[in-house]
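Student:
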Amino acid sequence: VCDWGALATISTQEGVRGRPFADVLSLSDGPPGKGSGVPYFYLSPLQQSVGNLQENPYATLTMSLAETNFCRKYGFDPQSPLCAHIILSGTVIKVSETEMDVAKNSLFIRHPEMKTWPSSHNWFFAKLNITNIWVLDYFGGPKIVTPAEYYNATSQ
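1 is the number of the first residue of the sequence shown in UniProt numbering; add one for each residue after it.
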C-alpha cells in the first residue's frame, strides 16, 4: 500500500554529526498485491542517507496510511493512531546478485520513472534487513511485532 516512507539514519554531516537524519525514499516490497514485506530501495552514493549508512548501517523506516486516501476518507489526522503506521528498524544492506532481479522488478513496477534516472549517479538496490517492528494502529501505544510474525502475516 505504501510506495514511500521516511528513512531515519544517524548523520555523518558536519554540524549534525551523530544526530538523527530522515529522508523520504521511494520503496517497494513487491508488485502490487504480491508484497513480500521486504522494503527495497534504489539508492545513490550521492544521497546523504547513503553516506550515513556507509558509516552506520542501522536505520528506521516509517510508513503511514496517511500516504493513502484511508485517513482522509475517515477524517483521521496523520498523527492519530487510527491512521495506522508501522516503524521498521534494522540494517540497510545492498541486495545480493540473486536478489537483484526481485528488487529491480519490485521497484520499477511501482516507480517506473526510476528506469530513467541518470546512470552517472551509480544507483544500486538495497533492502532493510528488519530486526524490530512497531505497529501503531490504535490508542494505548504501539504493538511489538516479531519479524517472524510480520513476514507470516496475511492480508485481511
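Built from N, CA and C at the ideal position, the CB exists for glycine as well.
Taking only the alpha-carbon atoms, compute the straight-line gap between Thr146 and Pro39 and give it to the nearest angstrom.
Tutor: In a straight line, the C-alpha of Thr146 is about 16 Å away from that of Pro39.
Student: Just to confirm the assignment: which complete beta strand (DSSP E) runs, minimum length 3, are found wholly within the UniProt domain "CREG-like beta-barrel" (2–152)?
Tutor: Here the runs fully enclosed are 4–10, 20–26, 40–43, 58–64, 85–94, 124–136 and 143–145.
Student: Which residue's Cα is closest to the Cα of Tyr150: Leu107, Tyr138 and Asn132?
Tutor: Of the candidates Leu107, Tyr138 and Asn132, the one whose C-alpha sits nearest the C-alpha of Tyr150 is Asn132.
Student: Once the 5 residues before and after Lys127 are set aside, which same chain residues still bring their CB inside 6 Å of it?
Tutor: Counting only Cβ-Cβ distances below 6 Å, and skipping sequence neighbours, we find Val38, Tyr40 and Val95.
Student: Ser89: which of Met63, Pro81, Tyr74 and Ser36 sits nearest, CA to CA?
Tutor: Cα-wise, what sits closest to Ser89 is Met63.
Student: I need the straight-line Cα distance from Pro138 to Gln79, nearest angstrom please.
Tutor: A small fix is needed here, since residue 138 is Tyr in this sequence, not Pro. Near 11 Å, if we compare the C-alpha coordinates of Gln79 and Tyr138.
Student: Identify which residue in Thr91, Cys2 and Asn129 has its Cα closest to the Cα of Ser28.
Tutor: Checking every option, the nearest Cα to that of Ser28 belongs to Cys2.
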